[in-house]
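Down below is the structure, laid out as structure tokens.
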């Protein structure tokens with residue numbers, strides 16, 4: 001397995017002196033007198049992560065993303081930024097580290113409304129109005145930093161930063177504390193325009209942060225899904241600031257959507273194949289309490305599908321027979337050539353799991369007995 | 001995939017007539033004017049199951065096993081009987097069906113105490129005593145029937161029955177309704193002797209049940225684990241009644257045990273390798289709330305291991321890095337050559353899953369993102 005333990009003592013002495021001369025081309029190493037290694041890499045889909053003194057370093061603004069509308073948004077916000085980063089920082093030569101440059105205090109200020117007391121606030125000032133279509137909404141709900149490190153001599157140094165901006169398409173608010181919940185709807189056009197303005201302000205401040213220097217900074221605008229949506233949000237636009245630039249040009253829009261089957265899917269091959277699959281397995285096992293899927297589309301092509309089957313659990317024999325049946329029906333009914341994950345759950349947790357990974361034709365199956 | 005749809009109309013006319021003549025050598029087919037198929041088979045470890053008119057047939061005494069001490073006992077009771085059955089009914093030529101001969105009423109009578117009103121009760125009579133060591137305990141807690149079918153002409157017929165007897169090593173009882181819980185302890189010797197006596201009574205009644213005839217009947221005595229045990233029980237003895245015999249001879253003891261690491265394991269290679277693995281992953285991720293394993297031993301050799309890792313969930317990046325770390329440490333620290341299953345859970349459910357299947361050297365890994 002890929003494991004690098006690197007003694008950094010000597011390297012750091014040199015690098016720290018270099019930093020102290022104030023040379024703007026020198027990037028600071030992350031670790032001083034610490035033993036740095038990396039996790040193994042399951043596949044090219046994932047980055048190896050940096051481990052310092054045997055422990056994983058969590059982000060400086062840890063916990064900030066817990067404010068998102070739902071757990072599915074939280075996961076989509078994080079993994080989406082990693083996916084997007086792979087277009088700029090290859091998983092072969094970059095190592096992952098949670099954000100170590102934007103701390104909690106800075107993030108809180110940025111997420112606040114701009115005011116005399118909070119001049120760096122990225123959300124609009126409070127205009128004193130309370131009605132959904134009169135007030136200034138909160139556009140930016142959360143912010144995520146990811147650092148992409150490169151190996152340099154005996155150590156690692158910062159090679160790039162990715163920033164995710166989680167924008168609201170609906171801003172939920174109350175008129176008074178503990179009062180009823182109201183909603184201000186925000187069009188995608190509006191949240192995109194606001195996100196782009198914020199991105200420039202962020203990169204200006206980031207460039208002034210010690211240790212960032214002129215490395216590439218990637219930014220992604222994430223439109224989080226609403227509270228009642230079973231699917232998480234998606235990134236809708238991205239840009240990169242290179243060579244120390246303090247603004248973003250050349251925004252590139254990302255055409256991605258997540259669709260929940262069978263409830264929100266439009267007429268499609270994928271939907272009808274899913275419905276046939278659903279009918280087949282429900283016939284077999286009348287006690288299913290739910291069969292739903294989340295399908296991800298990029299440029300209107302299906303990219304992957306996650307299916308969740310909820311069962312009443314009566315016995316292990318039933319689960320085994322059912323899982324074998326699902327494996328067969330999945331192979332014959334579901335769309336070919338895209339990764340599919342199927343979980344079979346009961347109140348006791350996950351009972352069985354099936355997955356066809358990218359590039360595979362067969363389903364891997366595991367029954368938790 | 002292995003799928004057989006068999007039109008049974010003609011075959012049944014013949015078989016039913018044969019049954020009606022009362023010829024004791026003729027076995028009744030299960031399905032009349034019904035379309036019978038079978039599930040696919042994931043591997044030789046599992047039986048294909050019979051499906052009738054597209055639906056899985058549940059057992060006649062469904063729900064009875066829910067009375068066991070714990071969910072892990074329930075799973076072990078069922079899958080253990082399937083494993084044991086594989087020694088008598090090969091998964092290549094036999095098909096699984098939940099029990100269709102011992103109905104709910106019969107099972108309830110058998111599980112009751114013997115009395116004038118319940119002459120077929122298999123548990124001892126109530127001797128009126130209430131003290132743990134004076135009363136007659138309930139030995140038999142639950143009963144499971146599994147049918148093993150064979151293909152015959154255009155249909156399926158009964159090829160064998162397996163019966164599991166779940167015996168108490170501790171009988172939990174109350175002296176009055178809703179009162180405190182007391183325990184009568186039962187030695188393994190005693191529960192084995194009682195189970196063997198019950199087995200003969202059961203096979204006598206089974207042979208008289210319509211449709212059973214002289215097929216082989218396998219019986220397994222299961223010692224269920226106590227309520228506070230994280231591991232399920234094991235089968236401790238088995239026997240087979242062949243050629244219509246109404247008793248069991250040649251009981252064969254089964255030397256199996258389940259050990260929970262690190263709490264109940266004795267000094268062993270497996271335990272110390274597990275402890276090293278645990279230490280490595282806890283160092284990486286200080287927020288782990290638990291790392292435990294269940295190891296199964298047959299004839300004092302480790303057969304498989306199930307590891308459960310509970311984490312606090314902060315973010316997806318952490319889970320990805322942690323899973324990659326676990327995959328590496330599992331490969332380098334855990335015992336080689338036995339199947340291992342590792343689940344990484346948070347309060348949101350299963351976050352990641354790793355498994356090394358029988359005969360494999362690499363871990364399969366899946367992250368639920």
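Protein chains in written order, with full-length UniProt numbering: chain A, 1 to 369; chain B, 1 to 369.
Beta carbons are placed, not taken as given, at the ideal position from N, Cα and C, and that holds for glycine.
Residue 336 of chain A, buried or exposed, once every other Cβ within 10 Å from all chains shown has been counted against 16 = exposed
message = Using C-beta distances below 8 Å, list every residue in its chain close to residue 287 of chain A, excluding the 5 sequence neighbours before and after it, in chain order.
response = Excluding sequence neighbours, residue 287 of chain A sits near 311, 312 and 314.
message = With three or more C-beta pairs closer than 8 Å as the rule, is the region 319-331 of chain B touching the region 105-124 of chain A?
response = no
message = Does the distance between the C-beta of residue 279 of chain A and the nearest non-hydrogen atom of the ligand GTP fall short of 7 Å?
response = Because no ligand of any kind appears in the structure shown, any question about the ligand GTP cannot be addressed here.
query = What does residue 75 of chain B reach in chain A if we use C-beta pairs closer than 7 Å?
reply = 316 and 369
task = Enumerate in chain order the residues of its own chain whose CB-to-CB distance from residue 299 of chain A is below 6 Å, with the five nearest sequence positions on each side excluded.
result = 255
ask   = Which residues does DSSP pair with residue 113 of chain B in a beta bridge?
value = B/123
inquiry  = Under 8 Å, CB to CB, which of the residues in the region 285-308 of chain B have a partner in chain A?
reply    = Result list: 285 and 286.
ask   = Which residues, in order along the region 152-184 of chain B, keep a beta-carbon less than 7 Å from a beta-carbon of chain A?
value = none
N-terminal and C-terminal residue of the alpha helix (DSSP H) that residue 79 of chain B is part of = 71-85
message = Strictly below 9 Å CB to CB, what residues from chain B border residue 325 of chain A?
response = 39, 40, 49, 51 and 56
message = Any beta carbon of chain B sitting closer than 8 Å to that of residue 321 of chain A?
response = Residue 321 of chain A has a beta carbon lying within less than 8 Å of a beta carbon in chain B.
query = So, are the CB atoms of residue 184 of chain B and residue 119 of chain B less than 8 Å apart?
reply = no
inquiry  = Mapping the DSSP letters down to three states, classify residue 100 of chain A as helix, strand or coil.
reply    = coil
query = If we count the other Cβ atoms within 10 Å of its Cβ and call it buried at 16 or more, is residue 153 of chain A buried or exposed?
reply = exposed
Within chain B, the residues that residue 283 of chain A reaches when beta carbons sit closer than 7 Å = 54 and 55
ask   = Three-state secondary structure (DSSP) at residue 200 of chain B?
value = helix
ask   = Which term fits residue 375 of chain A, buried or exposed, when burial requires 16 or more other beta carbons within 10 angstroms of its beta carbon?
value = The question about residue 375 of chain A has no answer here: the residues shown for chain A are numbered 1 through 369.
query = In the structure shown, what three-state DSSP assignment does residue 89 of chain B receive?
reply = coil
request  = Would you kindly work out how many angstroms separate the C-alpha atoms of residue 317 of chain B and residue 53 of chain B, rounded to a whole number?
outcome  = Distance between the alpha carbons of residue 317 of chain B and residue 53 of chain B: 47 Å.
message = If distances are taken between C-alpha atoms only, which option among B/94, B/364, B/121 and B/156 comes closest to residue 141 of chain B?
response = Restricting attention to B/94, B/364, B/121 and B/156, the CA atom closest to the CA of residue 141 of chain B is found in B/121.
query = What do you get for residue 68 of chain B, buried or exposed, if any count of 16 or more other CB atoms within 10 angstroms of its CB means buried?
reply = Buried, since its Cβ has 16 or more Cβ neighbours within 10 Å.
ask   = Are the beta-carbon atoms of residue 258 of chain B and residue 206 of chain B separated by less than 8 Å?
value = no
message = For a contact defined as C-beta to C-beta under 8 Å, what are the partners of residue 365 of chain B on chain A?
response = 42
query = With 16 as the cutoff for other CB atoms within 10 Å, does residue 209 of chain A come out buried or exposed?
reply = exposed
inquiry  = Using only the alpha-carbon positions, how far apart do residue 370 of chain B and residue 239 of chain B sit?
reply    = In this structure chain B extends from 1 to 369, so residue 370 of chain B is not present and cannot be described.
request  = Using a Cβ cut-off of 8 Å (strictly closer), state whether residue 355 of chain A contacts chain B.
outcome  = yes
message = For residue 136 of chain B and residue 252 of chain B, I'd like the C-alpha separation in whole angstroms.
response = 27 Å
query = The beta strand (DSSP E) with residue 227 of chain B in it runs from where to where?
reply = It is not in any beta strand (DSSP E) - residue 227 of chain B carries neither H nor E in the DSSP assignment.
request  = Please state if the CB of residue 222 of chain A and the CB of residue 99 of chain A are separated by a distance shorter than 8 Å.
outcome  = At a Cβ-Cβ threshold of 8 Å, residue 99 of chain A and residue 222 of chain A do not count as neighbours.
task = Tell me whether residue 130 of chain B is buried or exposed, calling it buried when 16 or more other Cβ atoms sit within 10 Å of its Cβ.
result = exposed
Proximal residues of chain A, C-beta to C-beta of residue 46 of chain B below 9 Å = 320, 321, 323, 324 and 367
message = According to DSSP, simplified to helix, strand and coil, what is residue 278 of chain B?
response = helix
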